[in-house]
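Heads up: the structure comes next, in structure tokens.
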């Protein structure tokens, strides 16, 4: 299956980027970033400069999760039961459009790397996805009773950045 056969893949990727923005997965508001801590430390906030064990932040991601995140990065498109499925993954955040449902979430370590998504309309068909295989060109995701086979999409037509609101 050739991804170039999907008409409008670039438009789907652009639409998915917009969906990411609308659902809050644009993600530059990390108040716990090291840059923010450095800024606070420079301004005399000693609590930000020396975090305690309780406020040290989330643990570092596992090596499996880091590898999975790198392998999923980008846009993926395919057909499941004759319907278009598009997935966009950027910096561990994910957005999916399938069966007219728009879902967003993140890649999480649940004993194995999984996509944990929430759909805007409450649909639960694709909320916990297991990565069955990923060779960099073909991705197979299992969502319980449903399986999606997606191909890496050409993102040349996609916007290079998410639009500002």
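In our numbering, the protein residues as written are 252 to 416. Cβ coordinates follow ideal geometry from the N, Cα and C atoms, glycine included.
Cα separation between residue 261 and residue 404?
Summary for residue 261: the model assigns pLDDT 48, below 50, so the residue's position carries little reliability; its value from the coordinates is reported in the next sentence. Between residue 261 and residue 404, the C-alpha separation is close to 8 Å.
Whole angstroms are fine: how far does the CA of residue 364 sit from the CA of residue 319?
7 Å
Rank 357, 390 and 402 by C-alpha distance to the C-alpha of residue 317 and give the top, closest one.
357
Which residue wins for smallest C-alpha separation from residue 360, given the options 351, 334, 396 and 343?
343
Best match in 376, 402, 386 and 387 for proximity to residue 419 [C-alpha to C-alpha]:
Because the chain in this structure spans residues 252 to 416, residue 419 falls outside the shown range and cannot be described.
Just mark residue 295 as buried or exposed, buried being the case when its beta carbon has 16 or more other beta carbons within 10 Å.
At residue 295, the pLDDT of 47 sits below 50, so the modelled position is not reliable; the number obtained from the coordinates is stated separately. So residue 295 ends up on the exposed side.
Which class does residue 344 belong to by DSSP, given the choice of helix, strand or coil?
strand
In angstroms, rounded to a whole number, what distance separates the CA positions of residue 390 and residue 383?
8 Å
Assign residue 313 to buried or exposed, taking buried as 16 or more other Cβ atoms, counted over all protein chains shown, within 10 Å of its Cβ.
With fewer than 16 other beta carbons inside 10 angstroms of its own, residue 313 counts as exposed.
Please classify residue 337 as buried or exposed, where buried requires at least 16 neighbouring CB atoms within 10 angstroms.
buried
According to DSSP, is residue 321 helix, strand or coil?
helix
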